[in-house]
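Below is one structure; the comments refer to it alone.
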Amino acid sequence: MATPLKHDAKAISQAIERVASAIASRHAQTDRLLLLGIANGGIVLAARLADRLKKAGLQPGTGTIDISFHRDDIGRNPIPKEFSPTIIPHDVNGATVILVDDVLYSGRTLKAALDELFDHGRPTRVELAVLVDRGGRRLPVAAEYIGLTITATETQKVVVTLDAKLPAADSVAVLPAKSQPSRALAS
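With the numbering used here applied, the sequence shown covers 2 to 188.
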C-alpha cells in the first residue's frame, strides 16, 4: 500500500500566505470586502486570511456561511444538531465577497454557499478562495485563489486539519476513503 500524501504545517502556512498575498494585491482598493468561511471547513482558514490581510493594510469583514439548508443531499444526510450559523458582519449588497473553504471538490458545497449568500442580498462580486483544489468537479466552478493543488481520485479523501489555536498541528492528507464515494454533497 502506498504512503498517503501529506502536507505539513509549513507548506500550509506558505500556501495561506500566497492566497492572502493574491487577495491583497487584487483588492488593495476594495472598500467593502467580506471573507465568509464556509462552515465548517472554511472558518479557520477565513480567520487566518483575514489576519494576514489586516497586516497588509486591508480591513475585511469576516463571517461564516452555513450551507445546511441548501445542501442537495439533505434528504439522505439530515442537518447535524451542532452547526455554525450564517454570520455576516455587514450588508452583502454591493460588497465584494470572498467565500473561503478548505477543499474544493465537486462544486456542490460552493453552489449551496452561493444559494445561502444570495438569500442575504446581492454582492457586487463573489470570489472563491480554497486551501486545496483536489479536482473532480461536477459543476462548472473554479477558485480564484488556490493554496495547494492536489490530484485525488474518487476513492480517496482529502483531510484538512487547521487548528485555530495551534497552527503547527495543521496538516493536509490524502487518504483512502472509508467507503465508495456517493453522489452526495462533497466539497
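For each residue, glycine too, the CB sits at the ideal point set by N, CA and C.
Buried versus exposed call for residue i [16 or more other C-beta atoms within 10 Å across all chains shown]
i	result
Thr-65	buried
Glu-155	exposed
Arg-123	exposed
His-91	exposed
Ser-107	buried
Asp-32	exposed
Ala-130	buried
Thr-125	exposed
Leu-167	exposed
Gly-148	buried
Reduced DSSP category for residue i - H, G, I as helix; E, B as strand; rest coil
i	result
His-71	helix
Ala-110	One point to set straight first is that residue 110 is Thr, not Ala, in the sequence displayed. Helix.
Pro-141	coil
Arg-27	helix
Pro-168	helix
Ala-185	Legend: pLDDT at Ala-185 = 42, less than 50; position of this residue unreliable, value from coordinates given subsequently. Residue state, collapsed to three classes: coil.
Own chain residues within Cβ distance below 7 Å of residue i, not counting five before or after
i	result
Gly-43	Val-101, Asp-102 and Asp-103
Pro-177	Thr-156 and Gln-157
Any C-beta of chain B under 9 Å from that of residue i
i	result
Asp-103	The structure shown contains no chain B, having only a single protein chain.
8 Å contact criterion, which residue i and residue j should meet: CB distance rounded
i	j	result
Leu-105	Arg-135	7 Å
Ile-24	Ile-99	7 Å
Thr-87	Leu-34	Between Leu-34 and Thr-87 the Cβ distance is about 18 Å, and since that is not below 8 Å, they are no contact.
Close beta carbons around residue i, own chain, < 6 Å, minus the five adjacent residues each side
i	result
Val-45	Leu-163 and Ala-165
Met-2	Per-residue confidence for Met-2 stands at a pLDDT of 41, beneath the threshold of 50, marking its modelled position as unreliable; the derived number appears in the next sentence. Excluding sequence neighbours, Met-2 sits near nothing in its chain.
Asn-94	Gly-122 and Arg-123
Other residues of its chain near residue i: CB distance less than 8 Å, five sequence neighbours each side excluded
i	result
Ser-85	Ala-40, Asn-41, Ile-44, Thr-65 and Asp-67
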